[in-house]
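The structure appears right after this line, and notes come after that.
There are 2 protein chains.
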Amino acid sequence: MDPSDPSQTCDLDIARIAALVGDPARAAMLRALGDGRALPCGELAACAGIGAASASEHLRQLREAGLLAVSRSGRHRYHRIASPEVAALLEALALVAAQGAGRPVSRVDPALRAGRTCYDHLAGRLGVAILDALAERAALWVAEDIAHLTPSGLSLLADFGLDTRALERHPVSRTCTDWSERRYHLSGPLGAAICRRCFELDWVQRHLDSRAVSVTPEGARGLRAALGLRLP
Amino acid sequence: MDPSDPSQTCDLDIARIAALVGDPARAAMLRALGDGRALPCGELAACAGIGAASASEHLRQLREAGLLAVSRSGRHRYHRIASPEVAALLEALALVAAQGAGRPVSRVDPALRAGRTCYDHLAGRLGVAILDALAERAALWVAEDIAHLTPSGLSLLADFGLDTRALERHPVSRTCTDWSERRYHLSGPLGAAICRRCFELDWVQRHLDSRAVSVTPEGARGLRAALGLRLP
DNA sequence: CGCGCATTTCGCCGCCCGCCGAAACCCGGG
DNA sequence: CCCGGGTTTCGGCGGGCGGCGAAATGCGCG
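As you go down the protein sequences, you meet chains V and L in turn.
Reading the first sequence from the start, the letters are residues 1 to 232 in the numbering used here.
Reading the second sequence from the start, the letters are residues 1 to 232 in the numbering used here.
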């Protein structure tokens, strides 16, 4: 493998990125940041179960590779996922990991399966149920991995409190394969807007130290009334 | 990190997959298989620049993780990418690698930039140009990462020789971010159908030992006539 | 200005894992 | 039934890299 051969450089690059994510400690830190939060070095070290010195070195590598971005505030340096592309990479990995070798889904944390954030939208049974409910109410036209917002869906989501103009401009939205449910859930701008609105209304709450989310009692009522959601 | 903690298992899984792709030799073999072909152990060893013994061991790991599938034919064992999800993972990695740290795109092999296959559809400048040409002719409605086939586009592609019924059933198609051009190109069933048709007509040809493709002289004429493509 | 805390740098150790050669194995063909 | 080439398994070697503790740095705060 001649390193100066330009046809090889892209392999080396993907290998470099994959190797970065391939270390268990770094993977744990990336997962902790997977919901878009920004966390300082010490906290990430605890997530990964290693010392602060080791974590600092890992974070430097992830930063230099462009996987993480950092913002300083006082004597803390908050690290976060650098771009949606990186989040997409993590999801693609989780998807392959989930389907690979037919590993039983049951080994996944039940709280994560019930509901979680997937970067900026909702996933797990909750995310799948939202897509199903909207499709059943003919608010969405779902074909494979793409969802098309119908006029009735537009008014439904306007009542829910979303910005109608943005939805009108982009009536089609993409979906994302849910690695725990092996079904589609809503992603893209529409999925992100629904997710934000749910947090805004306190209909769902984040768990501590996890991407898992729970539906609150008001959330259960609200989601049933607004979107026709039947919770399992 | 308690290995029995179910909330951690998914990290370990994604780390395992990423570490597999993270080895330079394995990454080279995966890239060689990236266009969907099936190759035997010895050939993949040559691609990666290692001995057959080492390659065999790598292939075993990739197989057991569900990244590769194998089909035997005589004394050869042909390995190929196991699923579209794995191909998507490789593209997600290439995308992050290309944008990461603003690495100059110019270091990418010019032949790959000009045109290549991306699992089952066309990418590079060729893939981007096809999407642009269809959009300019109002054959596609392109919004972000989603393309919607218009009625005039339907007849255009029917003339091109694609199956009209399949296109009518799925008028929306997704696009895929091109890691070398940082633009969108067509993917999904529509992108795959166009790609297949181009090979069928001998309008584009694969390079040996690479995912790069070239447009033939007839291809240049045909693409201009059929899709209004202006080649660079 | 000096203290304390979060983070970073440095030096070093231990171990995991990929490489190779040799031998075993498998299968088609003579 | 034996031969030959492709593939897999085995044993041993070596390099790279992640871990830690200690020391250095940066930055609020008193």
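C-beta: ideal position from N, C-alpha, C; glycine also.
Burial state of residue i (16 or more Cβ within 10 Å)
{"i": "leucine 208/L", "result": "exposed"}
{"i": "glutamate 200/L", "result": "exposed"}
{"i": "serine 214/L", "result": "exposed"}
{"i": "threonine 177/L", "result": "buried"}
{"i": "serine 71/V", "result": "exposed"}
{"i": "threonine 117/V", "result": "buried"}
{"i": "glycine 115/L", "result": "buried"}
{"i": "glutamate 181/V", "result": "buried"}
{"i": "serine 187/V", "result": "buried"}
{"i": "proline 3/V", "result": "The predicted model places proline 3/V with a pLDDT of 38, which falls under 50 and marks its position as unreliable; any figure quoted below should be read in that light. So proline 3/V counts as exposed."}
{"i": "proline 236/L", "result": "Nothing can be reported for residue 236/L: it is not among the residues displayed for chain L, which extend from 1 to 232."}
{"i": "arginine 26/L", "result": "buried"}
{"i": "glutamine 8/V", "result": "At glutamine 8/V, the pLDDT of 49 sits below 50, so the modelled position is not reliable and the matter cannot be decided from this model."}
{"i": "alanine 225/L", "result": "exposed"}
{"i": "threonine 164/V", "result": "exposed"}
{"i": "serine 173/V", "result": "buried"}
{"i": "cysteine 85/V", "result": "A small correction: the amino acid at residue 85/V is glutamate; cysteine does not occupy that position in the sequence shown. The residue in question, glutamate 85/V, is buried, as its Cβ has 16 or more Cβ neighbours within 10 Å."}
{"i": "arginine 60/V", "result": "exposed"}
{"i": "arginine 31/L", "result": "buried"}
{"i": "proline 217/L", "result": "exposed"}
{"i": "arginine 113/L", "result": "buried"}
{"i": "aspartate 159/V", "result": "exposed"}
{"i": "aspartate 11/V", "result": "buried"}
{"i": "aspartate 202/V", "result": "exposed"}
Assumed close pair residue i, residue j - CB separation to whole angstroms, cut-off 8 Å
{"i": "leucine 90/V", "j": "glycine 34/V", "result": "6 Å"}
{"i": "glycine 228/L", "j": "alanine 133/L", "result": "5 Å"}
{"i": "glycine 124/L", "j": "alanine 139/L", "result": "Glycine 124/L to alanine 139/L, Cβ: 20 Å. No contact."}
{"i": "alanine 18/L", "j": "valine 21/V", "result": "4 Å"}
{"i": "alanine 111/L", "j": "alanine 212/L", "result": "4 Å"}
{"i": "cysteine 143/V", "j": "histidine 170/L", "result": "One point to set straight first is that residue 143/V is alanine, not cysteine, in the sequence displayed. With a Cβ gap of about 6 Å, alanine 143/V and histidine 170/L count as contacting."}
{"i": "leucine 122/V", "j": "isoleucine 194/V", "result": "7 Å"}
{"i": "valine 204/L", "j": "glycine 219/L", "result": "5 Å"}
{"i": "glycine 100/V", "j": "leucine 68/L", "result": "Their Cβ separation, rounded to whole angstroms, is 11 Å, which puts glycine 100/V and leucine 68/L out of contact at 8 Å."}
{"i": "leucine 44/L", "j": "histidine 76/L", "result": "Between histidine 76/L and leucine 44/L the Cβ distance is about 11 Å, and since that is not below 8 Å, they are no contact."}
{"i": "tryptophan 179/L", "j": "leucine 95/L", "result": "4 Å"}
{"i": "aspartate 13/L", "j": "alanine 97/V", "result": "4 Å"}
{"i": "leucine 190/V", "j": "leucine 167/V", "result": "7 Å"}
{"i": "arginine 197/L", "j": "glycine 161/L", "result": "5 Å"}
DSSP state of residue i mapped onto helix, strand, coil
{"i": "proline 6/V", "result": "Residue placement at proline 6/V cannot be trusted, given a pLDDT of 40 that sits under 50; what the coordinates show is reported in the next sentence. Correct three-state label for proline 6/V: helix."}
{"i": "methionine 1/V", "result": "Note that methionine 1/V scores a pLDDT of 39, beneath 50, so its modelled location is shaky and nothing firm can be said."}
{"i": "proline 151/L", "result": "helix"}
{"i": "valine 70/L", "result": "strand"}
{"i": "valine 86/V", "result": "helix"}
{"i": "valine 21/L", "result": "helix"}
{"i": "threonine 164/V", "result": "helix"}
{"i": "valine 213/L", "result": "strand"}
{"i": "leucine 186/L", "result": "strand"}
{"i": "valine 128/V", "result": "helix"}
{"i": "alanine 123/V", "result": "strand"}
{"i": "arginine 63/V", "result": "helix"}
{"i": "cysteine 198/L", "result": "helix"}
{"i": "leucine 12/L", "result": "helix"}
{"i": "leucine 223/L", "result": "helix"}
Sheet register partners of residue i (DSSP bridge)
{"i": "serine 56/L", "result": "Paired residue(s): none; serine 56/L is not in a bridge."}
{"i": "valine 172/V", "result": "His148/V"}
{"i": "isoleucine 81/L", "result": "Leu68/L"}
First through last residue of the beta strand (DSSP E) which encompasses residue i
{"i": "valine 142/L", "result": "140 to 143"}
{"i": "arginine 206/L", "result": "204 to 206"}
{"i": "leucine 44/V", "result": "That residue, leucine 44/V, is in no beta strand (DSSP E); its alpha helix (DSSP H) goes 41 to 48."}
Boundaries of the alpha helix (DSSP H) in which residue i is found, first to last residue
{"i": "arginine 116/L", "result": "Looking at the DSSP string, arginine 116/L is not in any alpha helix (DSSP H); the run it does join, the beta strand (DSSP E), is 116 to 118."}
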